Amino acid sequence: MLCWTAYTFAYLGRINLSVALPMMDASLPSVDKSKLGIIGSLFFWTYAFGQLINGKLGDRFSGRSFIFTGLIISALMNLLFSFSDNLILMYVFWAINGYFQAMLWGPLMRILNRWFSKEKKYKMALYIFSSVVGGFLLTWGVIGQISAYAGWRSVFWIPGIVILLYSVIWYLFARNSPEEVGLNVETGLSVEDPGLASEDSEPKDGLKAKDISFIKFLLHSKLYLVALSGIPLGFIREGISLWGPTMLFETFGLDLQSTMGSVLLIPFFNFVGVVAARLLITKFIQREANLGALFFAGGTITCALMYLSKDFSLLIFLFMLAACSMSLYGATSILTSVIPMKYNLTSSIAGFLDFSIYLGAGISGVVSGFLSNEFGWGIMALIWTIVGVAGIVCIYLAGINETTLKRMKRKEEFINLR
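Per the numbering used here, the very first residue in the sequence shown carries number 29; after that it's consecutive.
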């Protein structure tokens with residue numbers, strides 16, 4: 029529960045920008061959507077590189093302290109952003125926020141990996157991912173409605189205060205492992221593969237995990253294909269998260285309260301996607317990438333339908349947007365929650381896969397802002413469809429590799445029995 033709440037509140041301090049964008053666009057006349065999109069892109073890029081750096085560090089240092097640091101700095105950046113009128117300072121504060129928000133997910137996954145048994149860890153991984161949905165509901169539902177009366181600055185100072193207070197609670201009560209409180213949990217980490225082995229275990233080929241570079245491990249496991257699929261996944265998913273409220277606000281001429289009330293459908297659909305992934309994952313053990321490909325395909329098909337369907341109503345547009353986001357959140361839960369749990373380098377892998385997703389998200393922030401200024405929001409469904417096809421190809425190839433390795437292992441076991 030501590031981990032779930034930590035990530036839920038962390039989301040208050042990152043997707044709150046999507047709530048503020050329509051108001052900032054209207055109240056800051058010298059700033060257009062292209063410049064506002066840069067704020068989101070800087071966050072995503074520093075978050076992406078932060079995941080790459082902090083994912084590795086999170087495997088070496090205390091996850092509890094890492095998460096505390098990320099929470100408290102994120103809170104301070106939100107507070108500073110709320111008092112800023114200078115666009116450059118906004119860029120700086122939100123970029124710093126992105127880096128320190130990246131200190132959370134990998135260490136959280138590592139803590140969960142230590143606290144739960146092999147039988148429970150997959151379910152817990154998807155359970156913790158539902159905190160993302162909780163964060164959306166709180167931000168778009170509660171903060172969004174308050175901001176209609178309190179202005180766009182409240183979108184930042186309210187989360188800043190909440191995260192600051194919770195960071196203290198986290199540090200007082202969270203622990204890195206059950207051993208720290210006198211408990212013992214059998215985690216069931218696999219040692220069949222160099223990448224899966226613990227640091228002190230001896231794999232079959234005689235190499236220790238610590239002697240194998242992370243790049244070689246990515247090549248050996250074909251996780252680079254999963255990471256490549258994460259770039260278009262992030263481009264589409266975070267494009268919806270960042271610009272979804274603004275799309276509705278401008279396309280259908282809604283007021284802010286109606287806009288934030290309407291987009292609440294999206295996190296509910298996101299939750300359905302996460303739950304669906306949780307229910308289906310037991311049918312795809314050792315074939316997790318295949319399940320991710322199915323979810324990705326669903327999102328891409330929805331994007332194509334959005335582009336081909338002209339002059340649709342608000343309800344149909346909102347349903348399609350939510351369905352696309354639902355499918356992509358199902359895919360994301362597989363990529364960033366389930367797949368890293370297969371390996372002992374949980375924090376590093378979770379961080380690397382998150383890096384790829386937010387690399388794509390960073391591109392989406394500024395590209396979406398520019399294209400919407402030049403051509404309107406209708407062009408984005410076509411762009412999402414094109415990049416979605418590229419993502420499906422990558423994750424499908426990763427799924428083929430999983431199936432091939434599984435068949436080779438079965439064949440080897442059969443030969444050994446003869």
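For every residue, glycine included, the Cβ atom is placed at its ideal position computed from N, Cα and C. Because the structure is a prediction, the values reported are computed rather than measured.
inquiry  = Could you compute how far the alpha carbon of Thr274 sits from the alpha carbon of Phe398?
reply    = 14 Å
inquiry  = So, at 6 Å on beta carbons, what are the nonlocal neighbours of Ala426 in its own chain, with the 5 sequence-adjacent residues on each side left out?
reply    = Lys250, Leu253, Val254, Ala317
query = What is the rounded straight-line gap between the Cα of Asp283 and the Cα of Ile344?
reply = Rounded to the nearest angstrom, the two C-alpha atoms are 19 Å apart.
query = Between which two residues does the alpha helix (DSSP H) containing Asn106 stretch?
reply = 91-110
ask   = So which of Ala359, Ser158, Trp180 has the shortest CA-CA distance to Asn44?
value = Closest by alpha carbon: Trp180.
query = Expressed to the nearest angstrom, what Euclidean distance is found between the alpha-carbon atoms of Met354 and Phe297?
reply = 5 Å
query = Measuring CA to CA, which of Leu40, Phe71, Met52, Leu56 is closest to Gly393?
reply = Phe71
task = Inspect the beta-carbon positions of Ala76 and Leu356 and report whether they are closer than 8 Å.
result = no
task = Return helix, strand or coil for Gln129, following the three-state DSSP convention.
result = helix
request  = Output yes or no for whether 8 Å exceeds the beta carbon distance between Trp168 and Leu107.
outcome  = no
task = Give the secondary structure of Gly388 by DSSP, where H, G and I count as helix, E and B as strand, and everything else as coil.
result = helix
request  = Starting from the C-beta of Cys31, find all residues in its chain whose C-beta is less than 7 Å away, skip the five residues before and the five after it, and write them out in chain order.
outcome  = Leu136, Ile139, Leu140, Ile156
Neighbour-count burial assignment, Gln285, 16 or more Cβ in a 10 Å radius = exposed
inquiry  = Suppose you measure from the CA of Val120 to the CA of Ala350; what does that come to, to the nearest Å?
reply    = Straight-line spacing of the CA atoms in Val120 and Ala350 works out to 31 Å.
key: Selection from Ile377, Cys331, Gly419, Gly188 that minimises the alpha carbon distance to Ala103   = Gly188
task = Check whether the Cβ atoms of Val59 and Ser175 lie closer than 8 Å to each other.
result = Taking 8 Å as the Cβ cut-off, Val59 and Ser175 do not qualify as a contacting pair.
message = So, at 7 Å on beta carbons, what are the nonlocal neighbours of Asn204 in its own chain, with the 5 sequence-adjacent residues on each side left out?
response = Ser90, Gly91, Arg92, Ile139, Arg142
query = Looking only at C-alpha atoms, which of Gly406, Ile377, Thr413, Gly390 sits nearest to Asn82?
reply = Among Gly406, Ile377, Thr413, Gly390, the Cα nearest to that of Asn82 belongs to Ile377.
key: Sequence-distant residues of the same chain with beta carbon closer than 7 Å to Gly172, five excluded per side   = Cβ neighbours of Gly172 beyond the five flanking positions: Val47, Met288.
key: Proximity winner among Tyr127, Pro295, Ser396, relative to Leu64 (alpha-carbon distances)   = Ser396
ask   = Around the C-beta of Val302, are 16 or more other C-beta atoms found within 10 angstroms, so that it is buried, or is it exposed?
value = By the neighbour-count definition (other C-beta atoms within 10 Å, threshold 16), Val302 is a buried residue.
ask   = Of the residues Phe299, Trp73, Ala123, which one's Cα is nearest the Cα of Val161?
value = Selected option, being the one with the closest Cα: Phe299.
ask   = Can the beta-carbon of Tyr35 be found closer than 8 Å to that of Leu132?
value = yes
task = State the CB to CB distance for the pair Ser195 and Leu99, rounded to an integer number of angstroms; the pair is presumed to be in contact (CB under 8 Å).
result = 4 Å
Proximity winner among Leu261, Glu266, Leu56, Ile414, relative to Asp113 (alpha-carbon distances) = Comparing Cα positions, the closest option is Leu56.
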